[in-house]
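2 protein chains.
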Amino acid sequence: MWPAALASSELQAAIAGATHYEQRMLRLFGIPESTIATTLREAERSVEGLDRLEVTTCLRRGEVEVVVRHEPESEPAYERLAALIAERHPRALFSTDGSLVDDQVAELVQGLRLAVAESCTGGLMAARLTERAGASAYFVAGLVTYSDAAKAALLGVDASLIERHGAVSPEVADAMALGALERAQADVSVAITGVAGPGGGSEAKPVGYVCLSVVRADGEPLTTLARDLRLPGDRAEIRDRSTTMGMHLLRALLRGEDAPL
Amino acid sequence: MWPAALASSELQAAIAGATHYEQRMLRLFGIPESTIATTLREAERSVEGLDRLEVTTCLRRGEVEVVVRHEPESEPAYERLAALIAERHPRALFSTDGSLVDDQVAELVQGLRLAVAESCTGGLMAARLTERAGASAYFVAGLVTYSDAAKAALLGVDASLIERHGAVSPEVADAMALGALERAQADVSVAITGVAGPGGGSEAKPVGYVCLSVVRADGEPLTTLARDLRLPGDRAEIRDRSTTMGMHLLRALLRGEDAPL
């Protein structure tokens with residue numbers, strides 16, 4: 001019955017007349033979903049043809065995805081919307097072609113040797129960077145230094161630095177990144193140290209406080225980007241979002257840009 | 262309307278008469294789902310009361326889960342089924358109380374210092390071992406040595422050993438485990454090196470060929486367990502199953518047992 005129905009001239013005509021939809025994807029990092037919502041409300045007033053676009057937003061791993069579906073003739077309206085978003089959020093908008101930050105980092109790091117130093121993320125950053133086939137072309141090594149002793153022994157982090165500033169501090173993140181660079185003989189490194197919780201937080205350094213440092217040493221002078229920030233969520237979310245932040249810092253450093261947030 | 266319905270004597274009577282179900286979970290590692298299916302068919306003939314148990318099996322991360330739901334009065338039938346499975350698969354059955362292998366390893370490793378050396382899993386083993394809050398009590402460090410140079414520089418693996426046997430070999434897995442033990446000053450270590458694919462395989466060492474070694478050094482003599490095996494699946498599955506195998510080798514070593522497969 002089904003094959004007969006498929007072959008019927010009525011269905012064939014319906015299929016021929018079916019609307020073809022284009023789907024576009026914009027990805028932003030470093031702004032909350034509510035900020036995009038505000039921009040989209042503004043677009044309702046200023047973007048001609050917006051009513052013919054189907055726009056949805058989704059928060060995923062700390063990034064905002066804007067998915068736009070439209071019929072081919074509404075491409076100009078999509079272009080106007082994309083231009084408005086790019087104008088309003090120039091630093092946050094990092095992908096207009098469907099690529100993930102992981103794809104972009106994998107592309108940017110070609111020809112370089114990449115190393116990782118992790119504490120709270122416990123290997124997730126290295127795992128994420130080696131997820132793609134071909135990662136061995138650039139990924140050299142990861143050092144998961146969970147204990148203070150391991151930070152000293154494996155990364156050469158000065159014990160007195162940890163004593164003065166604490167294992168979760170911008171100073172120790174920098175030292176970890178430099179240690180990874182040197183010990184793994186890499187050109188680029190990313191370091192993450194933070195309080196993933198649920199225990200271990202303090203008033204000054206609560207659960208979700210994470211320090212990141214990325215360093216590039218293949219030219220002169222050494223270039224670095226660093227951030228310390230407070231991430232929301234439970235232990236798994238904080239660990240996951242720390243790696244997303246690490247990917248974006250790495251992307252910015254490799255493109256010679258400033259940090260996205 | 263809904264609150265009124267909930268308060269009605271008819272619904273209250275129905276709720277009071279509702280059957281309460283018990284749920285039990287058996288977990289096995291190292292046998293295919295088809296082997297459990299054979300045992301369950303045998304149970305149909307030999308286990309009295311089996312028809313009053315609702316039995317489902319599920320393959321998850323390389324482990325087989327047997328979930329049994331039953332009314333309280335059928336507990337003896339469940340006990341007979343569990344006894345049959347334990348008798349048929351004494352080495353594969355590792356959990357009868359709902360615990361995961363991760364829970365058991367976290368329990369067994371208390372008081373010890375644990376280190377990890379990884380190649381193909383790229384940090385996933387360290388990430389899995391640090392997933393639980395409180396992991397810092399035993400997890401010391403992970404070394405993700407992706408390149409041959411990193412295996413030599415960070416784990417002290419003899420370059421000639423890699424040259425003779427290849428980076429994916431039982432010999433290099435052993436050397437990685439010993440290197441992690443020494444460099445991270447740990448009591449127990451687990452090492453994984455393999456061909457995660459999709460490229461990089463050869464006839465002798467195809468995609469899915471993985472070598473693991475676990476070593477315990479807190480007593481004399483040093484105790485070790487090692488396995489090299491062929492895992493099915495794509496890159497992500499091979500990486501994930503390698504960590505599951507690592508967890509089970511670690512569990513066996515810590516319990517003083519032989520490898521489960």
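Chains as they are written, first to last, in our numbering: chain W, 1 to 261; chain D, 262 to 522. Cβ coordinates follow ideal geometry from the N, Cα and C atoms, glycine included.
Between the alpha carbons of W/E220 and W/Q185 lies a distance of about 16 Å.
Here DSSP, grouped into helix, strand and coil, assigns W/V195 to coil.
W/E118 is positioned such that its CB atom lies no closer than 8 Å to that of W/V101. At least one C-beta of chain W is nearer than 8 Å to the C-beta of D/Q446. Counting only Cβ-Cβ distances below 7 Å, D/P459 has contacts in chain W at A133, in chain order. Distances from the alpha-carbon of W/S213 to those of W/V64, W/S9, W/T243 and W/R235 put W/T243 closest. Shown here is that no member of the segment 297-324 of chain D has a Cβ falling below 9 Å from a Cβ of chain W. Non-local beta-carbon contacts of W/A259 in its own chain, meaning distances under 7 Å to residues more than five positions away in sequence, involve L225, R227, L249 and A252 in chain order. Distance between W/R183 and D/R491, taken at the CA atoms: about 33 Å. At a cut-off of 8 Å, the C-beta of W/T145 has a neighbouring C-beta in chain D. Taking the CA atoms as reference points, W/E44 sits about 35 Å from W/I238. Between the segment 380-387 of chain D and the segment 126-142 of chain W there are three or more inter-stretch CB-CB distances shorter than 8 Å, so the stretches are counted as touching.
In this structure, DSSP gives W/Q185 a state outside helix and strand, which the three-state scheme calls coil. Any Cβ of chain D closer than 8 Å to the Cβ of W/T130 would place that residue at the interface, and such an atom is present. Around W/F29, the same chain offers G62, E63, V64, A92, F94, V101, T244, H248, P260 and L261 as residues with beta carbons nearer than 8 Å, after the five sequence neighbours per side are excluded. Exclusion of the five residues before and after W/C58 leaves E65 as the residues of its chain whose Cβ lies within less than 6 Å of its Cβ. Distances from the CA of W/K205 to each of W/Q104, W/E22 and W/G166 were compared; the closest alpha carbon is that of W/G166.
Closer than 7 Å at the C-beta level to chain D, one finds these residues of the segment 154-179 of chain W: L154. Boundaries of the beta strand (DSSP E) harbouring D/T484: T484 to R491, taken from the DSSP string. Under DSSP, W/R132 forms no beta bridge with any residue. With a cutoff of 8 Å on beta-carbon distance, D/V418 and D/G440 are scored as near each other. Under a 10 Å Cβ-count criterion, W/L154 is classified as buried, with 16 or more other Cβ atoms of the shown protein chains found around its own Cβ. Taken through DSSP and simplified to helix, strand or coil, D/H331 comes out as strand. The alpha carbon of W/A86 has as its nearest neighbour, out of W/A149, W/M25 and W/L181, the alpha carbon of W/M25. In the DSSP secondary-structure assignment, D/E326 is bridged to D/R288 and D/C319. Membership of D/R306 in the alpha helix (DSSP H) is indicated by the continuous run E294 to S307. Ranking D/R341, D/E303, D/A388 and D/E334 by CA distance to the CA of W/A236 puts D/A388 first. Beta-bridge partners of D/V475 (DSSP): D/V451 and D/L486. Within the DSSP secondary-structure output, W/T145 pairs in a beta bridge with D/A402. W/T193 counts as buried, since no fewer than 16 other beta carbons sit within 10 angstroms of its beta carbon.
Separation of W/R255 and W/Y138 (C-alpha to C-alpha, rounded to the nearest whole angstrom) is 16 Å. Only residues of its own chain outside the window of five on either side were considered, and among them H20 and E22 have a CB closer than 7 Å to the CB of W/P72, listed in chain order. When the beta-carbon positions are compared, D/T317 and D/R349 stay at least 8 Å from each other. Bounds of the beta strand (DSSP E) holding D/A378 are L375 to E379. Under the three-state reduction of DSSP output, W/S9 falls in the helix class. Under the 8 Å criterion on CB atoms, W/G219 is classed as non-interfacial with respect to chain D.
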